[in-house]
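Have a look at the structure below, then the notes.
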Amino acid sequence: MNQTIALVGNPNAGKTSLFNILTGTRQYVGNWAGVTVDKKEGWVKGSREWKMVDLPGIYSLSAQSLEEKIALSFILGEQPSALLNIIDASNLERNLFFTAQLLEMGLPMVVALNMMDVADTRGFRINKNRLEQELGVPVVPMVARRGEGKSSLLERMEKDIRPGPTSIRYSGEVEDGVEALLPFLREMKRPSSIHLRWLALMWLEGNESVSAMIQESVENRGLLEMERIRSGILEAPARIREARYAWVEAMMEGTVTREGADRSWSG
Ligand code: GDP
Ligand code: K
Ligand code: MG
1 MNQTIALVGN PNAGKTSLFN ILTGTRQYVG NWAGVTVDKK EGWVKGSREW
51 KMVDLPGIYS LSAQSLEEKI ALSFILGEQP SALLNIIDAS NLERNLFFTA
101 QLLEMGLPMV VALNMMDVAD TRGFRINKNR LEQELGVPVV PMVARRGEGK
151 SSLLERMEKD IRPGPTSIRY SGEVEDGVEA LLPFLREMKR PSSIHLRWLA
201 LMWLEGNESV SAMIQESVEN RGLLEMERIR SGILEAPARI REARYAWVEA
251 MMEGTVTREG ADRSWSG
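Per the UniProt record's numbering, numbering through the sequence shown is continuous, rising by one, with the last residue being 267.
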């Protein structure tokens, strides 16, 4: 059975390196329609055959840069069956913010914890099992540039790939807003594997791509009510961001220590 897996991660996390070791030379390079951002597709050799698409490197799904729009419209439009999220172990905090958004989306996912050599050199000790437990999806330590971790990654993609839990809890106002939006979202045409909760959060954040999709398929009275819910929450995007940052911080505290340094994770 052929399935599509989208490779997603921050710029410079090692996506191209990982794409290359997973697909060998059998890759296709083109452009995303109408833009000059590279589009790469290739087949991943394993016992389960995956078609892999390398999406543009992005930091979040919120800011709506060209790259983010491309990534989001691929995920919403082409509906990949799973996500491979590559993260930079030496920049874990920043990378996990994006991971939080991806987990909430609800697609089956695996995390490639790349740059383990750099993390080691910088003195980061990452409790991989704990991180895996907390994220709720497989986490595979890797050094993509040297091909290290490839076979474990393939094994986990085959056996353990799964949707993560949606463990982030937002402020009461935001949670009430999500709850109130769900009935409208249930009615709309949408990719079946995407969580309504994630769509509701993207709506509250004012995400353009998701809002456009919603505007197409929810009737006007419903839209008015959805607008009312959104504008009734004071600074919803900031509240949502804060909760995600708090989640990332808690994740860091439980899973990473740094040797020979004070409690700062960066630098
Ligand atoms: P992309 O921007 O996500 O596509 O990342 P690239 O694959 O282009 O990698 C960015 C840089 O990091 C390149 O110079 C890679 O050779 C390097 N790189 C990728 N993976 C690793 C790794 O695991 N360890 C180290 N030290 N460097 C890596
Ligand atoms: K790069
Ligand atoms: Mg690249």
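The beta-carbon is built from N, C-alpha and C at its ideal position, and this holds for glycine as well.
Residues near residue i in its chain [Cβ-Cβ closer than 7 angstroms; skip 5 each side]
| i | result |
| --- | --- |
| Leu223 | Gln215 |
| Ile240 | Tyr170, Val174, Leu201, Leu204 and Glu205 |
| Gly267 | Reliability fails at Gly267, whose pLDDT of 46 lies under 50, so the model's placement of it is uncertain and the value that follows must be treated cautiously. Closer than 7 angstroms at Cβ, skipping near neighbours: no residue. |
| Ser211 | Trp203 |
| Pro191 | Leu76 and Gln79 |
Same chain only: Cβ atoms within 8 angstroms of residue i, ignoring 5 sequence neighbours per side
| i | result |
| --- | --- |
| Glu67 | Val37, Pro56, Gly57 and Ile58 |
| Trp43 | Thr23, Arg26, Glu49, Trp50, Lys51 and Met52 |
| residue 271 | The question about residue 271 has no answer here: the residues shown for the chain are numbered 1 through 267. |
| Ile233 | Glu173, Val174, Gly177, Leu204 and Arg239 |
Check: residue i C-beta below 6 angstroms from any heavy atom of the ligand GDP
| i | result |
| --- | --- |
| Gly254 | no |
| Asn12 | yes |
| Met115 | yes |
| Ala71 | no |
| Arg156 | no |
| Gly57 | yes |
| Trp145 | First, the residue type needs correcting, since residue 145 is Arg and not Trp in the sequence shown. Yes, since a heavy atom of the ligand GDP falls inside the 6 angstroms radius drawn around the Cβ of Arg145. |
| Val37 | no |
| Val248 | no |
| Val118 | yes |
Residue i: CB within 6 angstroms of a non-hydrogen atom of the ligand MG
| i | result |
| --- | --- |
| Thr99 | no |
| Thr16 | yes |
Own chain, CB closer than 6 angstroms to residue i, minus 5 neighbours either side, in chain order
| i | result |
| --- | --- |
| residue 314 | Within the shown structure, residues of the chain are numbered from 1 to 267, placing residue 314 beyond reach of any answer. |
| Val118 | Ser90 |
| Asn127 | Thr255 |
Cβ distance (whole Å) where residue i is taken to contact residue j below 8 angstroms
| i | j | result |
| --- | --- | --- |
| Asn114 | Ala144 | 5 angstroms |
| Thr257 | Leu131 | Contact flag wrong, Cβ pair sits at about 12 angstroms. |
| Thr166 | Glu104 | 5 angstroms |
| Gln64 | Glu187 | Gln64 to Glu187, Cβ: 25 angstroms. No contact. |
| Phe98 | Ser60 | 6 angstroms |
Original post:
Does the count of Cβ pairs from the segment 196-211 and the segment 172-185 closer than 8 angstroms reach three?
Top reply: yes
Original post:
Should the segment 108-120 be called in touch with the segment 165-176, which here means at least 3 C-beta pairs below 8 angstroms?
Top reply: no
**OP:** Flag this pair as touching only if the segment 80-88 and the segment 12-25 have three or more C-beta atom pairs under 8 angstroms; answer yes or no.
**Re:** yes
Subject >> Sequence ranges, alpha helix (DSSP H) only - wholly within the segment 47-87, length at least 4 >> reply: 66-78
Subject >> Cβ contact check for the segment 128-144 and the segment 229-236: 3 or more pairs under 8 angstroms >> reply: no
Original post:
Are the segment 146-154 and the segment 118-135 in contact at 8 angstroms, needing three or more beta carbon pairs?
Top reply: no
Subject >> Minimum length 4: unbroken alpha helix (DSSP H) runs contained in the segment 185-238 >> reply: 196-205, 208-217 and 220-231
**OP:** Run through the segment 106-170 for me and flag every whole alpha helix (DSSP H) of 4 or more residues, listed as ranges in chain order.
**Re:** 116-121, 128-135 and 150-159
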